[in-house]
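Enquirer: One structure is given below, represented as structure tokens, and several questions about it will come after.
Residue numbers (this note's numbering): 16 to 218.
Below, the structure written as structure tokens:
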């Protein structure tokens, strides 16, 4: 019998259970205050974790094209991190500024060529793998309890639970990514530093 991956609703209900609140049947419509706070905390932690850059939300050699008239490069709203390939673009120092690329070396938004980057994107909860969902749920539950409950005896998850969940995610992510190839390009180092075993510790 197959077991479905954890849903966002299940994660929110796990967080509610951690403070002794009743589960909700849906995340649409009018929600109780605690359910709304749990959902907001889950999204916050989801963004935080995904910002590290993992195999499931990182894309290599993405070409970001200039607008024909302004020569500016607009970025999609789901971008979390972006790392231009400095070896292919040695004459620019492109960084994200708002939802545009900015050339810090030449102090302008205009580019003379399209820019190739490694990009980290935000994925919705149902797009990420189960180990990521599990880690994010446990981390979010701990954050949620920390904000609402002062009694340590009521905590459902411990720091050790969070550490174990992160270690499983790291192990799964390492096996899913072709790091021998990716590590061969020094321009990718900054994005893939998160795969160091040392980073299995809670951030």
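We put the beta carbon where it would ideally sit given N, CA and C, even for glycine.
Keep in mind it's a predicted model, so treat the numbers as computed, not measured.
(1) If residue 135 sits next to residue 66, beta carbons under 8 Å apart, how far is it from one beta carbon to the other, in whole angstroms?
(2) Going by other Cβ atoms of all chains shown within 10 Å of its Cβ, with 16 needed for buried, is residue 184 buried or exposed?
(3) Would you report the Cα separation of residue 126 and residue 72, rounded to the nearest angstrom?
(4) Relative to the alpha-carbon of residue 34, which residue among 172, 130, 177 and 182 has its alpha-carbon at the smallest distance?
(5) Tell me the start and end of each unbroken alpha helix (DSSP H) in the stretch 129 to 167 that is at least 4 residues and wholly inside, in chain order.
(6) Which residues does DSSP list as the beta-bridge partners of residue 47?
(7) Going by C-alpha to C-alpha distance, which of 83, 76, 92 and 114 sits closest to residue 99?
(8) Within its chain, find whatever has a CB closer than 7 Å to the CB of residue 20; leave out the 5 residues flanking it on each side and keep chain order.
(9) Could you check the C-alpha separation between residue 113 and residue 59 for me, to the nearest Å?
Expert: Based on what the coordinates show:
(1) The beta carbons of residue 135 and residue 66 sit about 7 Å from each other, so the pair counts as a contact at 8 Å.
(2) Residue environment for residue 184: buried (at least 16 other C-beta atoms within 10 angstroms of its C-beta).
(3) CA-CA distance, residue 126 to residue 72, rounds to 26 Å.
(4) For residue 34, the nearest C-alpha among the options comes from 172.
(5) The qualifying runs are 145 to 163.
(6) Residue 47 is not bridged to any residue.
(7) Measuring C-alpha to C-alpha distances from residue 99 to each of 83, 76, 92 and 114 identifies 76 as the nearest.
(8) Closer than 7 Å at the Cβ level, and outside the excluded window around residue 20, lie 145 and 148.
(9) Near 19 Å, if we compare the C-alpha coordinates of residue 59 and residue 113.
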